[in-house]
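>
There are 2 protein chains.
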Amino acid sequence: IANNNNDGLHTLLEEVHYADVAEIIEELYIEEAIYLIKLLDSDITSDVITELDEDTREKVLKGLSSKEIAEEIDELDTDDAADIIAELPEDQKEEVISHIEDLEHAKEIVELLKYDENTAGGLMAKELVKVNENWNVLTCVKEMRAQAEEVTRVHSIYVVDEHDKLKGRLSLKDLLTTSTKTAIKDVFIKKVDSVNVNDKGEEVARIMQKYDLEAIPVVDEIGRLVGRITIDDIVDVIKEEAEKDYQMAAGISQDVEADDTIWELTKARLPWLVLALFGGFISVSVLGGFDDAMGNFPELFFFTPLIAAMAGNVGVQSSAIIVQGLANDSLRGSLWKRLLKEVLLSLFNGFVLAILLMSAGMYFLGFDFKVGLTVAISLISVIIIASLIGTFVPIILDKRNIDPALATGPFITTSNDIFGILIYFLIAKMILGF
Amino acid sequence: IANNNNDGLHTLLEEVHYADVAEIIEELYIEEAIYLIKLLDSDITSDVITELDEDTREKVLKGLSSKEIAEEIDELDTDDAADIIAELPEDQKEEVISHIEDLEHAKEIVELLKYDENTAGGLMAKELVKVNENWNVLTCVKEMRAQAEEVTRVHSIYVVDEHDKLKGRLSLKDLLTTSTKTAIKDVFIKKVDSVNVNDKGEEVARIMQKYDLEAIPVVDEIGRLVGRITIDDIVDVIKEEAEKDYQMAAGISQDVEADDTIWELTKARLPWLVLALFGGFISVSVLGGFDDAMGNFPELFFFTPLIAAMAGNVGVQSSAIIVQGLANDSLRGSLWKRLLKEVLLSLFNGFVLAILLMSAGMYFLGFDFKVGLTVAISLISVIIIASLIGTFVPIILDKRNIDPALATGPFITTSNDIFGILIYFLIAKMILGF
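For the protein sequence lines, the chains are A and B, in the order given.
Each residue of the first sequence is one higher than the one before, counting from 21 in my numbering.
Each residue of the second sequence is one higher than the one before, counting from 21 in my numbering.
1) My assumption, with CB atoms under 8 Å, is that B/I486 sits in contact with B/I105. Please give the rounded CB distance.
2) Residues in the same chain with beta-carbon distance under 8 Å from A/S199, minus the five sequence neighbours each way, listed in chain order, please.
3) Can you name the residues of chain A whose CB is closer than 8 Å to the CB of B/F368?
4) Answer with yes or no whether the minimum CB distance from B/E92 to chain A is below 8 Å.
5) For the putative contact between A/L428 and A/V336, defined by C-beta atoms under 8 Å, what is the C-beta separation to the nearest angstrom?
6) For B/W356, is the classification buried or exposed, using 16 other Cβ atoms within 10 angstroms of its Cβ as the cut-off for buried?
7) Assign A/Q274 to buried or exposed, taking buried as 16 or more other Cβ atoms, counted over all protein chains shown, within 10 Å of its Cβ.
8) Mind listing the chain A neighbours of B/W155? Cutoff is C-beta to C-beta under 8 Å, in chain order.
9) Spatial neighbours of B/A270 within its chain, please: CB distance less than 7 Å, with the 5 preceding and 5 following residues excluded, ordered by chain position.
10) Starting from B/I236, trace the beta strand (DSSP E) in both directions and tell me its first and last residue.
11) Find the nearest neighbour of A/D194 within the set B/G221, B/A328, B/E182, B/M164, judged by alpha-carbon distance.
12) In the DSSP assignment, find the beta strand (DSSP E) that holds B/I327 and state where it starts and stops.
13) Pick from A/Q112, A/E277, A/V294, A/S379: whose alpha carbon is nearest that of B/L297?
14) Go ahead and pull the three-state DSSP assignment for A/V255.
15) Under 6 Å Cβ to Cβ from B/V334, same chain only, skipping five residues before and after it: list those, please.
16) For B/W356, go through chain A and note every residue whose CB falls closer than 8 Å to its CB, in chain order.
17) Within 8 Å (strictly less), CB to CB, does B/N333 reach chain A?
18) Helix, strand or coil, according to DSSP, for A/A203 in the structure here?
19) Residues in the same chain with beta-carbon distance under 6 Å from A/S303, minus the five sequence neighbours each way, listed in chain order, please.
20) Check whether the Cβ atoms of B/V294 and A/L373 sit closer than 8 Å, and answer yes or no.
21) What number of angstroms, rounded off, separates the C-alpha of A/L290 from the C-alpha of B/Q267?
22) Can you tell which of B/I422, B/K230, B/Y444 has its C-alpha closest to the C-alpha of B/P325?
23) Is A/P237 close to chain B, meaning its C-beta is less than 8 Å from at least one C-beta of that chain?
24) Could you give the distance in angstroms between the alpha-carbon of B/S66 and the alpha-carbon of B/E260?
25) Contact criterion: CB-CB distance below 8 Å. Does B/I342 meet it with respect to chain A?
26) At 7 Å on the CB atoms, spell out the chain A contacts of B/T324, in chain order.
27) Which term fits B/K146, buried or exposed, when burial requires 16 or more other beta carbons within 10 angstroms of its beta carbon?
28) Name the DSSP beta bridge partners of B/A145, please?
29) Using a Cβ-Cβ cut-off of 8 Å (strictly less than) and excluding sequence neighbours within five positions of B/K134, which residues of its own chain qualify?
30) Quick one: what does DSSP say A/N436 is sitting in, helix, strand or coil?
31) Alpha carbon to alpha carbon, how far is A/E362 from A/V212?
32) Check the Cβ-Cβ distances between A/V215 and every residue of chain B, and say whether any is below 8 Å.
33) Can you pull out the residues from the stretch 249-279 of chain A whose beta carbon lies closer than 9 Å to at least one beta carbon of chain B?
34) Have a look at the DSSP bridge pairing and note the partners of A/G188.
35) Assuming B/L72 contacts B/E46 under a Cβ cut-off of 8 Å, what Cβ separation, rounded to an integer in Å, is found between them?
36) In the structure shown, what three-state DSSP assignment does B/N216 receive?
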């Protein structure tokens, strides 16, 4: 469509929501996408650009001049604007900022660029509605109307003192139902949750979820109101957090997507595989140390992958439950009680699996009773040890302020493989005596 | 504290946010919790009860009479009220509903109970602000004030016709800035996103995220406005969705928490372990089929856990990326291109790992060149096959409308173990000829 220069395209896309336009652009060739962005008005395209995938956005912005980018930025809320400028190459940042027409807007964006993107400061927008505690309702409504022009969604009205310090909040509802001469001092709600600019994104997410907030004001070190964070930005934080844990559990160390380049995917995946390979070497050496057994009990070696797999699976299960518990802050009770519970759980699961294994192994594969018993006892022991490692390691990491999600995935499967095989052959040696 | 009956407790807890009270209650013995709930007013405790963990809530509600539960319900929004009633035993439900004082409220709750909890109908609340398109701004503001009493947060004002059919929405901002005599017909926004009562929760989450909505109206089959869903309920859906995928990847089939009973944890974990055990049996048989090799090449058997582990890790990595891509609806391009990319990626990773393996294996473990080469070639082949299985299976499952997350975790590691070992020994047989 984009090849035949159309004015109809213009009117066609004006009716469509920007998120849908962004989806269409993702499907186009990059030249077509840039052509389309230049064709449309920047009050539409600015939102489209924020919705684009990071890779596509980078390419599209390369096709625009600094002045054109500044025009898009002019239309955006400060938080989205700062995010886009942060992605630009260092030398282009200043050029784009210097082209922003609204100087107040530019100043606010520059201020936001100071903050780390994973902190409350990096998430917040400068757009908010605030009133002075010394005003009355009438002044307040007038001021609010002016401020509300800039703000897409109002949520809460924040009340500050003459030094801009956050004092409380005002509900729209109360404002609608109070006489216009009442002083704000007398009607505002003095309790208001707030976060500090330096608080971590996850912490903000936790607070907003716990108290079911849709927006939260952000204050600086001395309590001055500097911005606010809305729930839609927090939804992204929550999603990324959950996805990161999942990727870690799968042995992927960076935030990659299926459509990233082979090189980026390799960077995220190969380190874990190298780790697993070295773990594998250790298990090779362990097995090599028990080669006396090969003469009399070759069957033992057939069972090593089974034992290793069970150890890995149990470890991943245990660690996943702990990691989620830590992420949701829902772990209660003492460590010892937790470990005892894991032992009981593993004993029970282990017995069921051992009975299945013995009956099936002896019936279908015709192993003798002693070998079957050895494998069965090893299986129970391995399951218990694996579940203890899976429970213990993430808790220890968390206590040392290391992300416990590290302990899931390849790390836990590899170490459980090694321990599993070692325990298996030690038990076999004791019982069968080779 | 709770043992010495205190009136001070009352004033102490009145100042605390209900989410914090809920946290305190989780830490108490159940008798103390019930004592505390009875002590406090139901306008506080109703919110506390919704914040409690499901298990704790069940126990607390058992300690209250149907009349006491109904008093709590009276204070709640319809969606939270319906959720709590849905958790009660069948025979108690009607009794509690009959005790609700506000008959309109009771009627709305009964209506919500009809819907499946995973649909838009199950998520929505009946509380909303709606105005008739034939009113003028003044009538509208008056009506709104009355309705707003019932609604915690207003978000949007929905515009309906005389048959209650959803026609559009009205922004508070526009309402504040228009003359009071204007007809609603002339100011409302005719475009409004809405979902159907029968739409799935995930679908609602996808729409609200895509369009950055904070509330969405819900309509029935013939377009009548029946409720609205707010973003805080959707945050829970998004979190549950991500956690479910993670748990599936870890081989946990139900939504369990670390503090659930051993029996519940077993139900969620044991089936996957049984699956892995049977997979393990197959690999035992495969290995048993190659026992001729044991005489001349015992080293081959030492490498089986390494090969199996690499196959498992690669498979989990590939499938996790695909499952996340499917969940975020971000997979584009053809299946063949995707598979080709996986092959190239695996070839590259495989080569790096194979070189590491050969040099380390020959240098440290002193294997001869032919065995080292065999293991290295097998490793590359196994990685390619494992990544193809990891990519292909979730896509196929998704096409057949089965949750692709099923294909991660134990399922993929087990099948990749088997294929990995089989391919390894087949290649070894070809090269070494035993």
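In this text, a Cβ means the ideal position worked out from N, Cα and C, and glycines have one as well.
Values in this document were obtained by computation on a predicted structure and should not be read as measured data.
Walking through what the data contain:
1) Shown here, chain B extends from 21 to 454; a query on residue 486 of chain B therefore has no answer.
2) V157
3) I282, T286
4) no
5) In the sequence under discussion, the amino acid at residue 428 of chain A is Thr, which differs from the Leu named in the question. A/T428 to A/V336, Cβ: 6 Å. Contact.
6) exposed
7) Exposed, since its Cβ has fewer than 16 Cβ neighbours within 10 Å.
8) Those within 8 Å of B/W155 in chain A number zero; the least Cβ separation is about 17 Å.
9) G429
10) 235-239
11) B/M164
12) Per DSSP, B/I327 belongs to no beta strand (DSSP E); it is in the alpha helix (DSSP H), 324-347.
13) A/S379
14) helix
15) I403, A406, S407
16) Simply none; closest approach about 14 Å.
17) yes
18) strand
19) D437, I438, I441
20) yes
21) 24 Å
22) If we check each option's Cα against that of B/P325, B/Y444 comes out closest.
23) no
24) 23 Å
25) yes
26) T324, P325
27) buried
28) Under the DSSP definition of a beta bridge, B/A145 partners with B/R248.
29) G141
30) A/N436 falls in the helix class under three-state DSSP.
31) Answer to the nearest angstrom: the Cα atoms are 42 Å apart.
32) no
33) T250, I251, D252, I254, V255, D256, I258, K259, E261, A262, E263, D265, Y266, Q267, A269, A270, G271, I272, V276, E277, A278, D279
34) A/V179
35) 7 Å
36) strand
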